[in-house]
Amino acid sequence: MIGSGAAVLGESGPVLDVRDLHVEITTRRGVVKAVDGVSIDVPRGEAVGLVGESGSGKSMTLRAILGVLPPEARVTAGQVLLDGTDMVPLPTSALNRIRGPKLAMIFQEPMSALNPVMRVGWQIAEGPRVHLGLSRSKAAERAIELMRRVGIPDSERRFRAYPHEFSGGMRQRVMIAIALSCDPEVILCDEPTTALDVTIQDQILRLLAGLCRESGVSLLFVTHDLPVVAELCQHLAVMYGGQIVEQGPVAEVFAQPMHPYTLGLLRSAPDVEEVRSSLVPIPGSPPSLITPPPGCRFHPRCGFAEADCQVEPPPLRLLPGGRATACLHYERCAESLEAEEAAR
Amino acid sequence: MTAAPPPSPSPTPDGAVPAGAAPSTTGPAQSMNLAGNVVPPGEPGPLLTATDLSVGFAVGGSIVGRLRHEERVLRAVDGVDLVIERGGALALVGESGSGKSTLARALTGLVPLDKGEIRLGERVLSGRRSRADQRRIQMVFQDPYSSLNPRITVAGILHELLRVHNIVPRAEVDSYSRELLGLVGLTDDALHAYPRQFSGGQRQRVAIARALALRPELLVADEPVSALDVSVQATILNLLQELRGSLGLTLLLISHNLAVVRHLCDRTAVMYLGRIIEVAPTSELFAAPRHPYTRGLLAAIPRMTALADNEAPAVQGDPPSPLRIPAGCRFRTRCPIAQERCAHDDPELTAAPGRPAHVAACHFPLDAPARNVVGRNVVGLSTVQGEPSPSQ
Chain Z
90 MIGSGAAVLG ESGPVLDVRD LHVEITTRRG VVKAVDGVSI DVPRGEAVGL
140 VGESGSGKSM TLRAILGVLP PEARVTAGQV LLDGTDMVPL PTSALNRIRG
190 PKLAMIFQEP MSALNPVMRV GWQIAEGPRV HLGLSRSKAA ERAIELMRRV
240 GIPDSERRFR AYPHEFSGGM RQRVMIAIAL SCDPEVILCD EPTTALDVTI
290 QDQILRLLAG LCRESGVSLL FVTHDLPVVA ELCQHLAVMY GGQIVEQGPV
340 AEVFAQPMHP YTLGLLRSAP DVEEVRSSLV PIPGSPPSLI TPPPGCRFHP
390 RCGFAEADCQ VEPPPLRLLP GGRATACLHY ERCAESLEAE EAAR
Chain R
183 MTAAPPPSPS PTPDGAVPAG AAPSTTGPAQ SMNLAGNVVP PGEPGPLLTA
233 TDLSVGFAVG GSIVGRLRHE ERVLRAVDGV DLVIERGGAL ALVGESGSGK
283 STLARALTGL VPLDKGEIRL GERVLSGRRS RADQRRIQMV FQDPYSSLNP
333 RITVAGILHE LLRVHNIVPR AEVDSYSREL LGLVGLTDDA LHAYPRQFSG
383 GQRQRVAIAR ALALRPELLV ADEPVSALDV SVQATILNLL QELRGSLGLT
433 LLLISHNLAV VRHLCDRTAV MYLGRIIEVA PTSELFAAPR HPYTRGLLAA
483 IPRMTALADN EAPAVQGDPP SPLRIPAGCR FRTRCPIAQE RCAHDDPELT
533 AAPGRPAHVA ACHFPLDAPA RNVVGRNVVG LSTVQGEPSP SQ
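Written out as structure tokens, the structure reads:
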């Protein structure tokens, strides 16, 4: 999962390999290090969840990968390797040939991502016409087929509908159809279910999980919702203050977190299956990314912090089982969980 | 038209709140000023009884159509009966468009009723509420970024309110404001700050202090944590739970997050297309839902385990448009167990045998002991009936 090469990942290797990515945003109050040395591998046909709170840099990471950063932000260092090709130095014309056939994105708000005055069918057909060189009628056929595949009923008729005639869930299905239209290898998902009701979220997650399984597309899925990651993803990366603080297989990380921030996230959210007497919030507030705290960025809010946490930024250390943590005292998490278990 | 859930004999919570949850009494609650905030115990009967409430909004239509009185009405709340017990915490859950926010606003007096009556204690609230009645129900809104006036300091917000409603003598306004801030866990410094100087969680604390300033008996919280980050949500949820304990406050919580509901509320009402379709003690609702919609809603909650391969979604399709509510049972278009009868007979809320506090509006309620309800494999939901309706 972490950038350690094919040995861990088996024969296929990562389809998307982000290495030491840095993104800086220039503001009036100073330079914000929104993404500060992020490395993520997305294995072929699997889903990787990227979780963190607002301001942790997860959306900026996605935008940097796709090359759609806002004008005041820029990639200052790092590589985004898609099938071995670094996308960072590529000009827009070259990126346009990659975006669609190789890399696609699904946004949180489908209503603002879709063209309100264009029939949805033609929005889906646009990619195949441009990138795959299909004729108008062939592209329309493909669009109808895609609409059927993502579960839009009565797709021949709804081909001619406009986005405002669709519900939120159906619009998100249209977005997914657009993303799939040129058979991409990786789909970047930026909180695609956050604006949806749980029943619709459930439908969309099952659709995405099915696509992953059947067509071998890989997902990089940004969310703040831990159970959503647990349902859909095989791997997880937790971001805090522009950095990845923990990585690993989803089930293992949730069962045995090795970073106090991950542990804090798990303890602060109420659980439907288990009523706890009270929730444990993470004290304090997220760090300033203009002048981040010295050493570990989480130490001012951390219950396990020691003097050495304030000295130097701890590196993301590899651990057995494909896990990695940026905590110097990660054993404390296990101890704390054991103590909690014993108290019960 | 629908039967109100019978009031439980005692106003104590029905046990959904775990024993360990007894909230610590916060210090300032004992002081002189806030003593007025503590609701006097022992008054009999439910705090609020709503009967046959309906709220509609005129939508669309041409001018000619309006002149001919052809305007279309969106029935956001359509004949709702609701009982809120004194000191209880009732949750209102449902999908967006189910009318839960409109119902909350109608109870608070922010939208006029088309029909029905709201009884607070012994008295029926009139359409135009007196100041005294307004004070008794207060609301906390979803977005703390837009619900606080950005041009006024916290002191300004609280002082204006306290003067208009004459809550404490003028000389005590300042000390009472400080106490209120202490109650919601803010320091005195907050008094002279503007809303923009606070984080989202702190703003929501200010909003709660503003609601509590008028010593309400019922606090209506509409999605109070959904605009906040996960780590901050916990502080607000803990605060609400503490305030319930220390002030004896009655809470109506509107939320789409069922984990939050389960954590905080002792009774839960499920809304679908303007109707309440099931009410039960929270623990019972989660363990043994009787309405197929409730069951599907619970099964749709993301859980900390991977999705099973090729399993159908818990609820199929989109909710129909509230402008075209299906005849008969309004859930039948998405219901996996709908029958002929459901198409023309509108089911009423009826109690489960031997469980008077658990009512559901279904002709074929699920009475089998619900194993696996909270798990994934929900019996009876694998088959699909009816086409999802386009939501225009």
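Which chain is which? The protein sequence lines are Z and R, in order.
Just so you know, we're using this note's numbering here: the first sequence kicks off at 90 and counts up by one.
Just so you know, we're using this note's numbering here: the second sequence kicks off at 183 and counts up by one.
From the three backbone atoms N, C-alpha and C, an ideal C-beta is built for every residue, glycine too.
Rounded to the nearest whole angstrom, the C-alpha separation of residue 402(R) and residue 422(R) is 11 Å.
Beta-bridge annotation (DSSP): residue 307(Z) is paired with 275(Z).
Every unbroken stretch of the alpha helix (DSSP H) spanning 4 or more residues and falling wholly within the segment 255-338 of chain R is given here in chain order: 282-290 and 313-318.
Residue 236(Z) is outside the set of residues whose beta carbon lies under 8 Å from a beta carbon in chain R.
411, 412, 413, 414, 415, 416, 417, 419, 420 and 423: these are the residues of the segment 406-431 of chain R whose beta carbon lies less than 8 Å from some beta carbon of chain Z, given in chain order. The residue among 262(Z), 276(Z) and 210(Z) with its C-alpha nearest the C-alpha of residue 245(Z) is 210(Z). The shortest CA-to-CA distance from residue 404(R) to any of 413(R), 393(R) and 372(R) is the one to 393(R).
As DSSP reads the structure, residue 537(R) sits in a beta bridge with 534(R). Distance from the CA of residue 345(R) to the CA of residue 325(R), rounded to the nearest whole angstrom, comes to 25 Å.
Note that the C-beta distance between residue 294(Z) and residue 320(Z) is below 8 Å. In chain order, 287, 290, 291, 294, 314, 316, 317, 319 and 320 make up the part of chain Z whose C-beta sits under 8 Å from the C-beta of residue 484(R). Proximity of chain Z to residue 277(R) at the Cβ level (cut-off 7 Å) is accounted for by 286 and 288, in chain order. Collapsing the DSSP output to three states places residue 465(R) in a helix. Shown here for residue 444(R): same chain residues with a beta carbon closer than 7 Å to its own, the five before and five after excluded, namely 464 and 468 in chain order.
Taken through DSSP and simplified to helix, strand or coil, residue 369(R) comes out as coil.
Scanning the segment 336-411 of chain Z for uninterrupted beta strand (DSSP E) segments of 3 residues or longer gives 406-408, listed from N- to C-terminal end.
Chain Z places a beta carbon closer than 8 Å to that of residue 381(R), counting this residue as a contact.
Below 8 Å, too few C-beta pairs join the segment 279-288 of chain R and the segment 304-315 of chain R to call them touching: fewer than three.
Annotation: residue 387(Z) has no Cβ neighbours in chain R at a cutoff of 7 Å; minimum Cβ distance is about 11 Å. Residue 360(Z) reaches chain R at 441, counting residues in chain order whose Cβ is nearer than 7 Å.
Straight-line measurement puts the Cα of residue 226(Z) at about 21 Å from the Cα of residue 252(Z). Each of 369(R), 241(R) and 537(R) was checked against the Cα of residue 506(R), and the nearest Cα belongs to 241(R). Sequence-distant partners of residue 233(R) (beyond 5 residues in either direction) whose C-beta falls short of 6 Å from its own C-beta, in its chain, are 263, 298 and 299. Under DSSP, residue 105(Z) forms a beta bridge with 131(Z) and 171(Z).
Considering only beta carbons, the part of the segment 365-391 of chain Z lying closer than 7 Å to chain R consists of 366, 367, 368, 369, 370, 371 and 374, in chain order. For residue 219(Z), the enclosing alpha helix (DSSP H) has its first and last residue at 209-220. Taking C-beta atoms as the reference points, residue 336(Z) and residue 413(Z) count as a pair closer than 8 Å. Taking a C-beta cut-off of 7 Å against chain Z, the contacting residues of the segment 433-458 of chain R are 438, 440, 441, 442, 444 and 445, listed in chain order. For residue 270(R), the closest Cβ of chain Z is not nearer than 8 Å.
Within the same chain, Cβ atoms closer than 6 Å to the Cβ of residue 547(R) are found at 472, the five residues on either side in sequence being excluded. For residue 201(Z), the uninterrupted alpha helix (DSSP H) segment begins and ends at 199-202. A contact between stretches requires three or more CB pairs, one per stretch, nearer than 8 Å, and the segment 430-445 of chain R meets this requirement with the segment 267-276 of chain R. When Cβ-Cβ separations below 8 Å define contact, residue 302(Z) makes contact with chain R. Close to chain R, meaning a Cβ-Cβ distance shorter than 8 Å, are the following residues of the segment 133-159 of chain Z: 142 and 143.
Close CB contacts of residue 418(Z) within its chain, under the 6 Å cut and outside five residues either way in sequence, are with 393 (chain order). It is roughly 26 Å from the alpha-carbon of residue 342(Z) to the alpha-carbon of residue 378(Z).
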